[in-house]
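The sequence shown begins at 1 in the numbering used here and counts up by one.
Following: one structure in structure tokens, then a few remarks.
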Amino acid sequence: MRHIYFKRPDIVVDIEKLQMLLDFKAQGAHLVVGSFSDQQSLVNAVKLVDAVICAISGVHIRSHQILLQLKLVDAIKEAGNVKRFFPSEFGTDPATMSNAMEHGRITFDDKMVVRRAIEEAGIPFTYVSANCFAGYFLGGLCQPGHIIPSRDSVTLLGDGNQKASYVDEDDIAMYTIKTIDDPRTLNKTLYTRPPKNIVTKRSCGDMGETDRKRAAEIRNFQGRVSSFHERRRLCRASWVDTLLSCVLRGMSYKF
């Protein structure tokens with residue numbers, strides 16, 4: 001299997017992404033230079049492969065670029081040779097998040113726009129949904145604005161007993177690769193939810209206490225969610241809204 005990695009010219013100013021490119025190249029990947037502002041470069045790159053996996057950023061608090069995939073959809077349609085397209089999904093299924101809170105649903109709404117474009121173009125697809133990235137959410141025990149756990153306190157949204165599914169990013173990648181030529185997943189959504197990975201927010205806090213070997217203060221926002229949502233006491237970033245939908249309402253698990 002030949003691996004083609006499409007890189008934008010501006011990526012060389014991002015040291016982390018540059019290192020990732022060098023790692024891919026060391027493993028045998030063939031790098032192709034192109035740009036989303038150069039449609040022909042997209043078409044040329046797409047013509048080199050049978051399957052396209054897009055991992056463009058969909059983090060709306062940093063570089064939200066989900067709708068750039070519409071140009072990739074056009075390129076795939078023009079090329080006419082792609083047997084499977086994996087758009088940038090991988091997290092919570094946007095089709096289940098229509099009731100998500102307003103600010104946090106930007107990513108989900110844009111992903112649905114891309115889905116409709118894919119299906120209207122008749123492009124073979126697979127949507128991969130793994131709900132919550134373990135490294136992104138569990139690193140800070142789901143604390144808004146934190147990527148490492150607090151040593152002193154854990155904030156629970158609601159009573160902390162709603163379940164959510166957390167999957168390691170490497171496992172998500174593995175399942176995605178295995179799906180490329182699996183006919184059972186053609187034009188379907190693949191849900192990655194290992195039973196042992198479905199845990200409550202409270203149990204995540206308990207695991208953090210075990211790791212610290214001491215108890216932490218438990219702060220509970222049951223009954224104060226409206227105030228929390230309006231005043232952004234913990235974090236003004238809009239991904240707090242997504243946390244409220246996924247963790248408090250259990251929307252990443254109840255489908």
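Positions of the beta carbon are idealized from the N, C-alpha and C atoms, including for glycine.
Given the structure is predicted, the values throughout are model-derived calculations rather than measurements.
Can you give the Cα-Cα distance for N161 and S203, rounded to whole angstroms?
Mapped onto the sequence shown, residue 161 falls at position 161. Mapped onto the sequence shown, residue 203 falls at position 203. Distance between the alpha carbons of N161 and S203 is about 8 Å.
Can you tell me the Cα-Cα spacing of S88 and R105, whole angstroms?
In the sequence shown, the residue the question calls residue 88 occupies position 88. In the sequence shown, the residue the question calls residue 105 occupies position 105. Distance between the alpha carbons of S88 and R105: 15 Å.
Report the three-state DSSP secondary structure of F108 (helix, strand or coil).
Walking along the sequence shown from the start, residue 108 turns up at place 108. DSSP, reduced to helix, strand and coil, places F108 within a helical segment of the structure shown.
Taking Q65 as the reference, which of R184, L141, F36 and L186 has the closest Cα?
Here residue 65 is taken as the residue at index 65 of the sequence shown, counted from 1. The shortest Cα separation from Q65 among R184, L141, F36 and L186 belongs to F36.
Per DSSP, the bridge partner or partners of S129:
In the sequence shown, the residue the question calls residue 129 occupies position 129. Partner(s): F90 and Y191.
Nearest-angstrom Cα separation, counted from D109 out to Y127
In the sequence shown, residue 127 corresponds to position 127, counting from 1. In the sequence shown, residue 109 corresponds to position 109, counting from 1. Taking the straight line joining both Cα atoms gives about 15 Å.
For K196, does the three-state DSSP call read helix, strand or coil?
Within the sequence shown, the letter at position 196 stands for residue 196. It is helical.
Would you tell me roughly how many angstroms separate the C-alpha atoms of V32 and D74, rounded to the nearest one?
Sequence index remark: in the sequence shown, residue 32 carries index 32 (1-based). Sequence index remark: in the sequence shown, residue 74 carries index 74 (1-based). Each residue's alpha carbon lies about 18 Å from the other.
What is the DSSP secondary structure of L156, counted as helix, strand or coil?
As a working mapping, residue 156 is identified with position 156 in the sequence shown. Reduced to three states, the DSSP call for L156 is strand.
In its own chain, which residues sit with a C-beta less than 8 Å from the C-beta of I172, not counting the 5 before and 5 after it?
In the sequence shown, residue 172 corresponds to position 172, counting from 1. So the qualifying residues of the chain are F90, V128, A130, F133 and T192.
Closest residue to P195 among Y166, D182 and R184 (Cα-Cα distance)
Within the sequence shown, numbered from 1, the residue matching residue 195 stands at position 195. The residue from Y166, D182 and R184 with its alpha-carbon nearest to that of P195 is Y166.
8 Å contact criterion, which L68 and I56 should meet: CB distance rounded:
Along the sequence shown, read from residue 1 onward, the residue named residue 68 stands at position 68. Along the sequence shown, read from residue 1 onward, the residue named residue 56 stands at position 56. The beta-carbon distance between L68 and I56, rounded to whole angstroms, is 6 Å. This is short enough to meet the 8 Å contact definition.
Just to confirm my understanding: we take E169, look at its own chain, exclude 5 residues before and 5 after, and list those with CB closer than 6 Å. What are they?
Position 169 of the sequence shown, counted from the start, is the residue given in the question as residue 169. Taking C-beta separations shorter than 6 Å and ignoring five residues to either side along the sequence, the partners of E169 in its chain run F133 and G135, following chain order.
Cβ shell of S98 (< 6 Å), same chain only, five flanking positions each side left out
The sequence position of residue 98 within the sequence shown is 98, counting from 1. Contacts found: none.
Give the secondary structure of A29 by DSSP, where H, G and I count as helix, E and B as strand, and everything else as coil.
On the sequence shown, position 29 is the one that residue 29 refers to. DSSP places A29 in coil when its eight states are reduced to three.
With a threshold of 16 other CB atoms inside 10 Å of the CB of A164, please say whether the residue is buried or exposed.
In the sequence shown, counting from the first residue as 1, residue 164 sits at position 164. It is buried - the Cβ of A164 has at least 16 other Cβ atoms within 10 Å.
In angstroms with no decimal places, state the Cα-to-Cα distance between V52 and F24.
Counted from its first residue, the sequence shown places residue 52 at position 52. Counted from its first residue, the sequence shown places residue 24 at position 24. If I take the Cα positions, the gap works out to 16 Å.
Taking DSSP as the reference, what is the three-state secondary structure of K47?
In the sequence shown, counting from the first residue as 1, residue 47 sits at position 47. Here K47 sits in coil by DSSP.
Determine the direct distance from the alpha carbon of A45 to that of P124, and round the result to whole angstroms.
As a first step, residue 124 is located in the sequence shown; it is residue number 124 there, counting from the start. As a first step, residue 45 is located in the sequence shown; it is residue number 45 there, counting from the start. Going by the C-alpha atoms only, they are around 18 Å apart.
C54 to F85 span [Cα, whole Å]
Along the sequence shown, one-based indexing puts residue 54 at 54. Along the sequence shown, one-based indexing puts residue 85 at 85. Their Cα atoms are separated by approximately 8 Å.
Considering only heavy atoms of the ligand GTP, does any lie closer than 6 Å to the CB of D74?
This structure does not include the ligand GTP; it has no bound ligands of any sort.
Residue(s) in a DSSP beta bridge with I53:
As a first step, residue 53 is located in the sequence shown; it is residue number 53 there, counting from the start. F86, per the DSSP bridge assignment.
To the nearest angstrom, how far is it from the Cα of Y148 to the Cα of L21?
On the sequence shown, position 148 is the one that residue 148 refers to. On the sequence shown, position 21 is the one that residue 21 refers to. The question names Tyr, yet the displayed sequence has Ile at residue 148. For I148 and L21, the distance between alpha carbons rounds to 26 Å.
Comparing alpha-carbon positions, which option in L70, G58 and A79 lies nearest V49?
Taking the sequence shown and counting its residues from 1, one reaches residue 49 at position 49. By alpha-carbon distance to V49, the top candidate from L70, G58 and A79 is A79.
When we look at the beta-carbon of I15 and count the other beta-carbons within 10 Å, is it buried (16 or more) or exposed?
What you label residue 15 is simply residue 15 of the sequence shown in a count that begins at 1. By the C-beta density criterion, I15 is exposed, having fewer than 16 other C-beta atoms within 10 angstroms.
Nearest to N81 by CA position, among Q27, K47 and K178, is which residue?
Along the sequence shown, one-based indexing puts residue 81 at 81. Taking each of Q27, K47 and K178 in turn and checking the Cα distance to N81, the smallest one comes out for K47.
Grouping DSSP H, G and I as helix and E and B as strand, with all else coil, what is S165?
Residue 165 sits at position 165 when you count from the first residue of the sequence shown. Strand at S165.
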